[in-house]
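**Q** Sequential numbering from 1 applies to the sequence shown in full-length UniProt numbering. One structure is given below, represented as structure tokens, and several questions about it will come after.
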Amino acid sequence: MKTKSGIQWGTDGTLHRYKFRYNTDSDEQTCCDCMMGMKLKKSMCYVVVCFISVLLICYNFLQCDKKPNMIMVPSEHEKFVYTQQGKAIEYGRESPLIFIGGMPRSGTTLMRAMIDAHPDVRCGEETRIVPRILGMRAQWYKSETEKRRLQEAGISDFVIDSAISAFVLEVIAKHGEAAPRLCNKDPFTLKSSVYLKKIFPNSKFLFMIRDGRATVHSIISRRITITGFDLTSYRNCLSKWNRAMESMYAQCLHVGARHCLPVYYEQLTLHPELWMKRILKFLEIPWNDTVLHHEDYIGKEISLSKTEKSSDQVIRPVNIDAMAKWVGHLPADVIKDMATIAPMLRILGYDPESNPPNYGAPDPRVADNTMHMHQNEGFWRKKEEELLKSEQKQKKRHTEKS
């Protein structure tokens with residue numbers, strides 16, 4: 001308790017001294033409580049302001065937009081195919097895939113049969129679906145409207161590349177037996193060599209080249225349906241051949257000599273050992289002379305398709321029987337204008353004026369194969385029929401099991 005004195009006027013007009021006592025503890029406590037209350041309110045205001053600020057910052061960073069900052073990662077980082085012996089073989093976008101292509105009737109089936117005879121490689125039949133998905137992508141990018149629609153839908157180049165590479169890879173890996181080196185033979189895939197090199201950076205391409213006159217004669221005589229080719233006109237087909245070869249040749253040059261090897265059908269059939277050694281070296285595959293005897297593996301390690309028009313020919317050993325069959329079948333006016341109709345002939349090293357041409361002399365083994373075929377034509381025809389029937393039965397049983 002404390003005492004305090006003072007002076008105050010009285011009611012009678014005189015001054016009076018006074019004293020009074022007060023409790024300092026109570027009053028000071030009341031003042032202190034008041035101050036603490038004000039501080040607490042200020043602190044609460046600061047907390048609320050900070051909380052609201054944090055919420056606003058989080059909202060700005062986490063709000064959804066057209067370009068999400070997060071990506072989905074697949075749970076499976078590695079994929080495998082399994083051999084019949086149960087050996088696991090890893091495959092992916094970094095795998096050294098082999099693509100065999102060129103114009104139909106230019107030796108692509110022979111090339112894949114010879115490569116398929118190697119124990120480390122599996123090509124298999126034409127898938128037909130791989131060039132179609134690649135063609136669809138090419139069509140999307142030709143149209144500015146379609147490109148804009150895809151972008152507006154969030155379908156970027158990255159999304160398309162991921163989807164197409166996964167699709168192509170699964171088809172190649174799983175449409176046949178497992179092997180250390182996977183290969184695809186769809187002739188028109190080489191129209192997309194540059195893009196395939198982008199999505200499969202370690203891939204390699206074998207670009208089959210054949211005299212356009214022989215290729216077109218084979219297309220017309222065997223009634224091979226190709227979009228845009230008029231099978232009643234040599235002039236039209238040669239012009240379309242020229243355009244297709246120009247595109248594929250340019251793409252082969254673009255991906256470079258380390259990734260694309262032009263293979264001339266005529267030279268492959270004339271000198272198979274020389275060229276197969278060159279091809280396997282390019283593919284970084286060890287030499288194996290089984291590639292020179294592909295006919296021994298047809299119907300066994302090498303599977304054929306009845307729908308492929310070249311199947312009956314690759315049953316036979318390498319020969320020169322079909323090399324110059326076109327001579328004498330082309331119209332005179334087409335022969336006269338050949339250099340103008342198909343300028344790619346000269347660019348590829350053929351003489352458009354030579355009729356018949358001189359492709360060179362065959363190796364002794366190839367000459368023997370050709371002579372043996374002519375002497376035993378009945379045997380080879382019978383073998384063709386038996387093998388194709390056997391292939392169909394095996395595929396039917398496989399389909400029923402699956």
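Cβ atoms here follow ideal geometry from the backbone N, Cα and C, with glycine treated the same way. Small disclaimer: the values here were computed from a predicted structure and weren't measured.
Would you list, in sequence order, the uninterrupted alpha helix (DSSP H) runs of no fewer than 4 residues that lie entirely inside the stretch 108 to 182?
**A** List check, alpha helix (DSSP H) in window: 108 to 116, 129 to 142, 144 to 152, 157 to 174.
**Q** Please classify K382 as buried or exposed, where buried requires at least 16 other C-beta atoms within 10 Å of its C-beta.
**A** Counting from 1 along the sequence shown, the entry for residue 382 is found at position 382. Classification for K382: exposed.
**Q** Are A339 and P352 close, meaning C-beta to C-beta below 8 Å?
**A** As a position in the sequence shown, residue 339 is number 339, starting the count at 1. As a position in the sequence shown, residue 352 is number 352, starting the count at 1. Yes, these two residues count as a Cβ contact at 8 Å.
**Q** At which residues does the alpha helix (DSSP H) containing Y195 begin and terminate?
**A** Walking along the sequence shown from the start, residue 195 turns up at place 195. Start and end: 193 to 199.
**Q** Determine the direct distance from the alpha carbon of D363 to that of D161, and round the result to whole angstroms.
**A** Along the sequence shown, read from residue 1 onward, the residue named residue 161 stands at position 161. Along the sequence shown, read from residue 1 onward, the residue named residue 363 stands at position 363. Between D161 and D363, the C-alpha separation is close to 45 Å.
**Q** So what's V81 in DSSP terms, helix, strand or just coil?
**A** Looking up residue 81 in the sequence shown gives position 81. Correct three-state label for V81: strand.
**Q** Does DSSP classify K67 as helix, strand or coil?
**A** Sequence index remark: in the sequence shown, residue 67 carries index 67 (1-based). Annotation note: pLDDT 42 at K67 (below 50); position unreliable, no value reported.
**Q** Is the beta carbon of V263 sitting closer than 8 Å to the one on M111?
**A** For the purposes of this step, residue 263 is identified with residue 263 of the sequence shown, where counting begins at 1. For the purposes of this step, residue 111 is identified with residue 111 of the sequence shown, where counting begins at 1. For V263 and M111, yes; Cβs fall inside 8 Å.
**Q** Per DSSP, K204 is paired with what?
**A** Taking the sequence shown and counting its residues from 1, the one referred to as residue 204 is at position 204. Answer by DSSP bridge pairing, in chain order: I98.
**Q** Using the Cα positions of C237 and A214, report the straight-line distance between them to the nearest angstrom.
**A** The count along the sequence shown starts at 1 and reaches residue 237 at position 237. The count along the sequence shown starts at 1 and reaches residue 214 at position 214. One C-alpha to the other measures close to 11 Å.
**Q** Relative to the C-alpha of S218, which candidate in E273, I335, W326 has its C-alpha closest?
**A** Looking up residue 218 in the sequence shown gives position 218. It is W326 whose Cα lies nearest to the Cα of S218.
**Q** Compare the C-alpha of Y82 against each of V216, D333, G176 and name the closest.
**A** Locating residue 82 in the sequence shown gives position 82, where the first residue counts as 1. Checking every option, the nearest Cα to that of Y82 belongs to G176.
**Q** Tell me whether K277 sits in a helix, a strand or coil according to DSSP, three-state version.
**A** Your numbering for residue 277 matches position 277 in the sequence shown. Three-state DSSP puts K277 in a helix.
**Q** For E146, count the other beta carbons within 10 Å of its own beta carbon; 16 or more makes it buried, fewer makes it exposed. Which is it?
**A** Mapped onto the sequence shown, residue 146 falls at position 146. With fewer than 16 Cβ atoms within 10 Å of its Cβ, E146 is classed as exposed.
**Q** Buried or exposed for W241, please, with buried defined as at least 16 other CB atoms from any protein chain shown within 10 angstroms of its CB.
**A** Taking the first residue of the sequence shown as 1, we reach residue 241 at position 241. With 16 or more Cβ atoms within 10 Å of its Cβ, W241 is classed as buried.
**Q** Rounded to whole angstroms, what's the CA-CA distance from K197 to V130? Just pull it up for me.
**A** In the sequence shown, the residue the question calls residue 197 occupies position 197. In the sequence shown, the residue the question calls residue 130 occupies position 130. Taking the straight line joining both Cα atoms gives about 15 Å.
**Q** Determine the closest residue to R316 out of G135, M373, P119, with distance taken between C-alpha atoms.
**A** As a position in the sequence shown, residue 316 is number 316, starting the count at 1. Comparing Cα positions, the closest option is M373.
**Q** Count the other C-beta atoms from every protein chain shown that fall within 10 angstroms of the C-beta of H294, then say buried if there are 16 or more, exposed otherwise.
**A** Translated into positions along the sequence shown, residue 294 becomes position 294. Per the 10 Å Cβ criterion, buried.
**Q** How long is the line joining the alpha carbons of K389 and G154, rounded to whole angstroms?
**A** As a first step, residue 389 must be located in the sequence shown, where it is residue number 389. As a first step, residue 154 must be located in the sequence shown, where it is residue number 154. Roughly 49 Å separates the two Cα atoms.
**Q** Report yes or no: do the stretch 279 to 293 and the stretch 132 to 142 share at least 3 C-beta pairs separated by less than 8 Å?
**A** At 8 Å Cβ cutoff, the stretches do not touch.
**Q** With H, G and I counted as helix, E and B as strand and the rest as coil, what does DSSP make of K300?
**A** Reading the sequence shown from its first residue, position 300 is the one you call residue 300. Looking at K300 - three-state DSSP - the assignment turns out to be coil, as it is neither helix nor strand.
**Q** Under a three-way DSSP split, which group does residue 413 fall into?
**A** For residue 413 there is no data in the structure shown, the boundaries of the chain being 1 and 402.
**Q** Please determine, among Q251, R128, D157, the residue with the shortest C-alpha to C-alpha distance to Y141.
**A** Within the sequence shown, numbered from 1, the residue matching residue 141 stands at position 141. Checking every option, the nearest Cα to that of Y141 belongs to D157.
**Q** Straight-line CA distance for R223 to K87?
**A** By one-based count along the sequence shown, residue 223 stands at place 223. By one-based count along the sequence shown, residue 87 stands at place 87. Their Cα atoms are separated by approximately 42 Å.
**Q** Using the Cβ count rule (16 or more neighbours within 10 Å means buried), how would you classify R122?
**A** Counting from 1 along the sequence shown, the entry for residue 122 is found at position 122. Answer is buried; the Cβ neighbour count reaches 16.
**Q** Ends of the beta strand (DSSP E) at I89?
**A** The count along the sequence shown starts at 1 and reaches residue 89 at position 89. 88 to 91 is the span of the beta strand (DSSP E), which, as asked, contains I89.
**Q** State the CB to CB distance for the pair residue 404 and L190, rounded to an integer number of angstroms; the pair is presumed to be in contact (CB under 8 Å).
**A** No statement about residue 404 is possible, as the shown extent of the chain runs from 1 to 402 and does not include it.
**Q** Can you give the Cα-Cα distance for M124 and S95, rounded to whole angstroms?
**A** Walking along the sequence shown from the start, residue 124 turns up at place 124. Walking along the sequence shown from the start, residue 95 turns up at place 95. Per the sequence shown, residue 124 should be read as Gly rather than Met. Distance between the alpha carbons of G124 and S95: 17 Å.
**Q** Reducing DSSP to helix, strand and coil, say where P262 ends up.
**A** Position 262 of the sequence shown holds residue 262. Note: P262 maps to strand in three-state DSSP.
**Q** Leaving out five residues on either side along the sequence, give the residues of the same chain with a beta carbon under 7 Å from the beta carbon of E246.
**A** Here residue 246 corresponds to residue number 246 of the sequence shown, with the count starting at 1. Closer than 7 Å at the Cβ level, and outside the excluded window around E246, lie M344.
**Q** Quick check: what's the CA-CA separation for T108 versus A342?
**A** Along the sequence shown, read from residue 1 onward, the residue named residue 108 stands at position 108. Along the sequence shown, read from residue 1 onward, the residue named residue 342 stands at position 342. For T108 and A342, the distance between alpha carbons rounds to 21 Å.
**Q** Which one or two residues does DSSP pair with I335 in a beta bridge?
**A** Start at 1 with the first residue of the sequence shown, and residue 335 comes out as number 335. BP columns for I335 are empty, so no partner.
**Q** Judging by CA-CA distance, which residue of A244, S203, I298, R243 is the nearest neighbour of L261?
**A** Within the sequence shown, numbered from 1, the residue matching residue 261 stands at position 261. Nearest option by C-alpha distance: S203.
**Q** Cα-Cα, which of D321, G378, M276, N369 is closest to Y359?
**A** As a position in the sequence shown, residue 359 is number 359, starting the count at 1. The shortest C-alpha separation from Y359 is found at D321.
**Q** Count the other CB atoms, across all protein chains shown, that sit within 10 Å of the CB of P201; report buried if there are 16 or more and exposed otherwise.
**A** Working through the sequence shown from its first residue, we reach residue 201 at position 201. With fewer than 16 other Cβ atoms within 10 Å, it is exposed.
**Q** Which word fits N184, buried or exposed, when buried means at least 16 other C-beta atoms lie within 10 angstroms of its C-beta?
**A** In the sequence shown, the residue the question calls residue 184 occupies position 184. Under this definition N184 is a buried residue.
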